[in-house]
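Just remember that the numbering used here sits 784 ahead of the position in the sequence shown, which is counted from 1.
Encoded as structure tokens, the structure appears first; notes follow it.
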Amino acid sequence: MPNTPRRWPRIDGIAFGGDYNPEQWPESTWREDAALMQQAGVSMVSLGIFSWARIEPTEGSYDFGWLDTVMDLLHEHGISVDLATATASPPPWFSRHYPDSLPMTRDGVRLWHGSRQAYCPSSPDYRAASMRLAGALARRYRDHPALVMWHVNNEYGCHVAQCYCDASATAFRLWLQARYGDIERLNSAWGTAFWSQHYADWDEIIPPRTTPAHPNPSQQLDWMRFSSDELLACFVAERDVLHAITPDIPVTTNFMGAFKPVDYFSWAAELDVVSNDHYLIGEDPAGHQHLSMTADLIRSTSGGAPWVLMEHSTSAVNWQPRNLAKQPGQLRRNSLQHVARGADAVCFFQWRASRAGAEKFHSAMLPHAGTDTKVWREVVGLGADLSALAEIVGSAVEAAAAIVFDWPAWWGVELDSHPSVDVEYLPLIRDAYAALWNRGVTVDFVRPDQDLSAYRLVVVPSLYLVSDAAAANITEYVRGGGHLVCGFFSGIVDTDDSIRLGGYPGAFREVLGIRIEEFFPLKQGEVVSLDDGSTGSVWSEMLHPEGADVETRFADGPLPGWPARTRNDFGSGVAHYLSTRLDPAALATVLDEACTMSGVASPIITRAGVETVRRRDKRSNTSYLFVINHAERDVEIEIDGDDILNGKAAGGRLVVAAGDVAVIRETPTSSRGE
Ligand code: GAL
């Protein structure tokens, strides 16, 4: 993985801060904000994300006076600005003047203004107004010394990822014409001979609006592709305006982790800096693992380059059914998990807790109760930690294993009218990730068609849809000596969602050495036994080995005696196949063995619940070992280096207390981690 950020905001050390919404407060508060930010070590804030109505109170008339004051004040206090283009929430005047810009649901219902993000991504009026606003801001602040990055829009697609209005239909047709050129190619790709769906003219095509029965699956798949691209086009339009006026200022927009509607692998190439928002699901006992997974995914979209944690929460959010506060120490652990996994900026939503509005019960860096609070003290403490860690900026995370992640395969596998509604993408990804996380193995996420040669082990939890090129890529990886673990219902269709004929798993029959004759999905909640004492759920299938060895068989369920796990020695490599959703312990065993066989190890041997990740600065060949103790017991580890956070040479043995974090600057050795 590279060690070079593509572009990075002009900030020393790890950037630290949050969303700053001064328009919610009287001017008298701003000076106090700046002073307290300085006290906490804040170095960058995201300003103006929801300020459109304040910047352009009526169409075409701008009020920059207040923003000038805030920009100057922040600069005087040494705080840099990630300035938003403010286009995430059009003001009421906009939807009043341009009612056709309001988004429409699949059922034809218009969504009104009065919350946020009430715009259709294909609306020409929205596109023009957002570009105008971005241009006005860029011209106003192009030379302002506080400006270090542009924050375009906010969480594209968070509330409206797809719009089904007529403007969207027109844009969809243009997108399809560019993809297929000829209407008969579209008819063939969509399989429109089925149910009399043949299109004689492009104008007959509409978005997959509510229909009497299942809409055409290939149409739905293209609709997902189009909708992701259409949001990206909104970003690119603003970005190009900004690049033209401020070519030296990097441009970002904030991602939302594993967010289904938007293919961040394809987006990341268009961003100067990748940034992400992550919120824990408070009631998820494995929330910290999910955090790690999201951070690894985002680092991977960024090609391994450092990324910005643009938002997370200091404590509770406001949008879950029960919004749990963070335990003491959790804010620190969560923040440093992101840093361990490649974030070189740690920011929160938001600086000061709102007094009014839908998010007034959302935590912030500065709580309603002020500075004599757990949250404020932890924010100040984190500022100090991040400043102590300044030297790690630009170092890269080390990973020898990879999990294949692919948005189109996700869209495809969760289409309707499939063998089982229980085959869901993320749970399968999380199963594999959890097993590797528990073993202390750091993973990158990879696209199925990218070069895999850097990895000793590649796991494909689910890859229902795969291109010929990607299938060949995975096959050649194994032939060349790679180690593959592949899950059920993979390799089934091509990129049009047409079945690969001749027996499943079409694209992977050769590399896996198997042929599947028929699927036997399991009943809801059904658990079947395997002959090694483990269990499976969700899926089973009639599998014929064609060269592969059978490692485990079903002992009961619909297919007693049929293979449940196989292994195929292929070329110089090995390919394992799992034909059911293994229970967590069984999957852990399979992946443990695969790690051992392929030579994948954790940075150090520790205990359950202790997260260890290594970052390495290739320029100085210095490595940094993060040890994050999520467990309720202290852990003692062998180390060779200094604990940067505690500022002491620890060499030999180090106790990391329950809930605590250590970051060790390791003593260079010629062999470590190579
Ligand atoms: C994010 C959003 C922020 C804020 C936050 C609350 O989705 O970008 O503006 O709403 O959630 O958790």
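All C-beta atoms in this analysis are idealised placements derived from N, C-alpha and C, irrespective of residue type, glycine included.
All values derive from a computational prediction rather than experimental measurement.
Nearest-angstrom beta carbon gap, residue j and residue i [assumed within contact, 8 Å]
i	j	result
residue 974	residue 991	Contact doesn't hold; Cβ gap of about 14 Å is too wide.
residue 1335	residue 1351	5 Å
residue 906	residue 951	5 Å
residue 1236	residue 1257	7 Å
residue 1116	residue 1166	6 Å
residue 1304	residue 1343	6 Å
residue 1386	residue 1396	6 Å
residue 1421	residue 1438	6 Å
residue 837	residue 875	4 Å
residue 1415	residue 1441	In fact, because the Cβ distance is near 10 Å, the residues do not count as touching under 8 Å.
residue 1203	residue 1249	15 Å between Cβ atoms; not a contact.
residue 1431	residue 1450	Their Cβ separation, rounded to whole angstroms, is 16 Å, which puts residue 1431 and residue 1450 out of contact at 8 Å.
residue 1012	residue 1046	5 Å
residue 934	residue 1035	4 Å
residue 863	residue 821	6 Å
Close Cβ partners of residue i (< 8 Å) along its chain, the five nearest in sequence each way excluded
i	result
residue 819	861
residue 802	826, 829, 830, 1095, 1131, 1132, 1133, 1134, 1135, 1148 and 1149
residue 1462	Past the edges of the chain, shown from 785 to 1458, lies residue 1462, and the structure says nothing about it.
residue 1399	1124, 1126, 1176, 1179, 1180, 1181, 1182, 1407, 1408 and 1410
residue 1340	1312 and 1313
residue 1145	1100, 1102 and 1107
residue 1230	1084, 1186, 1187, 1188, 1189, 1236, 1239 and 1242
residue 1356	1263, 1264 and 1265
residue 998	1200 and 1201
Neighbourhood of residue i by C-beta distance below 7 Å, restricted to the same chain and skipping five residues each side
i	result
residue 1173	798, 1123, 1428 and 1447
residue 1194	1044 and 1209
residue 1259	1294 and 1295
residue 1462	Past the edges of the chain, shown from 785 to 1458, lies residue 1462, and the structure says nothing about it.
residue 859	929 and 930
residue 788	At residue 788 the pLDDT is 47, less than 50, meaning the model places this residue with poor confidence; the figure from the coordinates comes in the next sentence. If we look at residue 788 and ignore the five residues flanking it on each side, its Cβ neighbours are 1089.
residue 1271	1212, 1244, 1245, 1246 and 1362
residue 1163	824, 1098 and 1149
residue 1329	1297, 1298, 1347 and 1350
residue 1376	1223
residue 1158	1112
residue 1457	Bear in mind that the predicted position of residue 1457 carries a pLDDT of just 41, short of 50, making it too unreliable to give a figure here.
residue 1315	1336, 1337 and 1339
residue 1378	1241, 1267, 1269 and 1360
residue 1152	1137
residue 920	846
Other residues of its chain near residue i: CB distance less than 6 Å, five sequence neighbours each side excluded
i	result
residue 785	Residue confidence is low: residue 785 scores 44 on pLDDT, short of 50, so the model does not pin down where it sits. Its coordinate-derived value is still stated next. The residues are 1088 and 1180.
residue 1224	1386 and 1396
residue 1261	1236
residue 1155	none
residue 943	901
residue 1228	1084, 1183 and 1186
residue 1010	956 and 959
residue 1333	1351
residue 924	848
Can you list the alpha helix (DSSP H) stretches of 4 or more residues lying completely in the region 1278-1347, in chain order?
-> 1293-1296
Point to revise | Segment contact, 8 Å Cβ cut-off, at least three pairs: the region 1310-1328 with the region 1354-1369 | key: yes
Three or more C-beta pairs below 8 Å linking the region 867-882 and the region 831-839:
yes
Cβ contact (3+ pairs, closer than 8 Å) linking the region 805-813 and the region 871-880
no
Uninterrupted alpha helix (DSSP H) stretches inside the region 1005-1064 (no shorter than 4 residues):
1048-1052
Exercise. Does the count of Cβ pairs from the region 1220-1240 and the region 1033-1041 closer than 8 Å reach three?
Worked result: Cβ pair count under 8 Å is below three, so no.
query = Whole alpha helix (DSSP H) runs in the region 1349-1436 with 4 or more residues, listed along the chain?
reply = Listed in chain order, the alpha helix (DSSP H) runs fully inside the region 1349-1436 are 1368-1382, counting runs of at least 4 residues.
> In the region 1201-1283, which residue ranges form an unbroken alpha helix (DSSP H) of at least 4 residues, counting only runs that do not cross its ends?
Replying inline: 1209-1222 and 1252-1263
Quiz item: Quick check: the region 952-961 against the region 988-1002, are there 3 or more CB pairs under 8 Å?
Solution: yes
Closer than 8 Å is the cut-off here; do at least three beta carbon pairs connect the region 1275-1294 with the region 1218-1230? no
At 3 residues or longer, what runs of the beta strand (DSSP E) sit wholly inside the region 1065-1150? Every beta strand (DSSP E) of 3 residues or more that sits fully in the region 1065-1150 is shown, in chain order, as 1091-1095 and 1127-1132.
Would you check if there are 3 or more beta carbon pairs closer than 8 Å linking the region 905-922 to the region 1007-1022? yes
For the structure I just gave you, are there three or more beta carbon pairs, one from the region 1301-1315 and one from the region 1198-1207, closer than 8 Å?
yes
query = Enumerated in chain order, which unbroken segments of the beta strand (DSSP E) with a length of 3 residues or greater are wholly contained in the region 924-1003?
reply = Counting only runs of 3 or more, we get 931-935.
* Could you name each continuous alpha helix (DSSP H) segment of 4 residues or more that falls completely within the region 1165-1199, going from the start of the chain to the end? => 1191-1197
query = Counting only runs that start and end within the region 863-931, where is the beta strand (DSSP E) found for 3 or more residues in a row?
reply = If we require 3 residues or more, the beta strand (DSSP E) runs fully inside the region 863-931 come out as 864-868.
Segments of 4+ residues assigned as alpha helix (DSSP H) that fall wholly inside the region 785-872: Fully contained in the region 785-872 are the following alpha helix (DSSP H) runs of length 4 or more, in chain order: 811-824, 836-839 and 849-860.
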